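Numbering (the UniProt record's numbering), first residue to last: 1 to 166.
For each residue, glycine too, the CB sits at the ideal point set by N, CA and C.
Values in this document were obtained by computation on a predicted structure and should not be read as measured data.
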Amino acid sequence: SHFALWCFAKAPLLLGNDLRKMTQEQLEIVTNTNLISVNQDPHAKQASCFLGCDPNKAKWSVFATRLTGGDVAVLVINWMDSTSPSLTFPAHVVGVVPAQSKKQKVWVTDLWTNKVIARYDFNSAKTIPVTPLASHGCVAYRLSIVIDNNKDLTDSTTLQDLQQKD
């Protein structure tokens, strides 16, 4: 969560630890190209808090920023000392409003895994579900409004796979 929040805050990505002693897990976190691309996007601004913004009351928060090309990067953080319940957030709150078109869909890409985890049409894209988050855990998504030619999703489908022209 810490690294993801750094990336969404557009903070300088500096490591002050002994790089030779980093674990594989730590190395994978700080070299995540999807999160770094949010941080380095030339047109994106620092993410804003859209839901759960009162630090004295929030159990979870939703941060978002618009990226070059119009996609929206979303970070959901669980601030609780326990696992969060499943939750949803309205897509329009973070600026994602697909047209009423049968082919236009919202693709949700998990920025940690680079996998497209869901596609929603106009009606179902009104809310984006989030599975329970571990204590102080997070999810980071890229929401893309695209023309969807009903390509099949598999467990290994990436956003780049779906963007390839037919």
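Proximity of residue i and residue j at Cβ, strictly below 9 Å
| i | j | result |
| --- | --- | --- |
| Arg142 | Leu111 | yes |
| Ser135 | Thr83 | yes |
| Thr68 | His43 | yes |
| Ile147 | Asp71 | no |
| Ala64 | Ala73 | yes |
| Asn39 | Trp6 | yes |
| Pro90 | Ile128 | yes |
Per-residue DSSP class, three states only, for residue i
| i | result |
| --- | --- |
| Cys138 | strand |
| Cys7 | helix |
| Ser84 | coil |
| Asn114 | coil |
| Gln40 | helix |
| Gln104 | strand |
| Ala91 | helix |
| Val97 | coil |
| Thr31 | coil |
| Leu15 | coil |
| Ser1 | coil |
| Lys165 | A caution first: Lys165 carries a pLDDT of 38, below 50, which makes its placement in the model too unreliable to give a value. |
Exposure label - residue i; buried when at least 16 CB within 10 Å
| i | result |
| --- | --- |
| Leu133 | buried |
| Val139 | buried |
| Val130 | buried |
| Leu19 | exposed |
| Val97 | exposed |
| Ala4 | buried |
| Thr109 | buried |
| Ala47 | buried |
| Asn32 | buried |
| Leu35 | buried |
| Lys21 | exposed |
Residue i CB to nearest heavy atom of the ligand COA below 8 Å
| i | result |
| --- | --- |
| Glu25 | As for the ligand COA, it is missing from this structure, which has no ligand bound. |
At a cut of 8 Å, does the region 73 to 80 reach the region 51 to 62 through at least three beta carbon pairs? The way I'd put it, the region 73 to 80 does touch the region 51 to 62; three or more beta-carbon pairs between them come closer than 8 Å.
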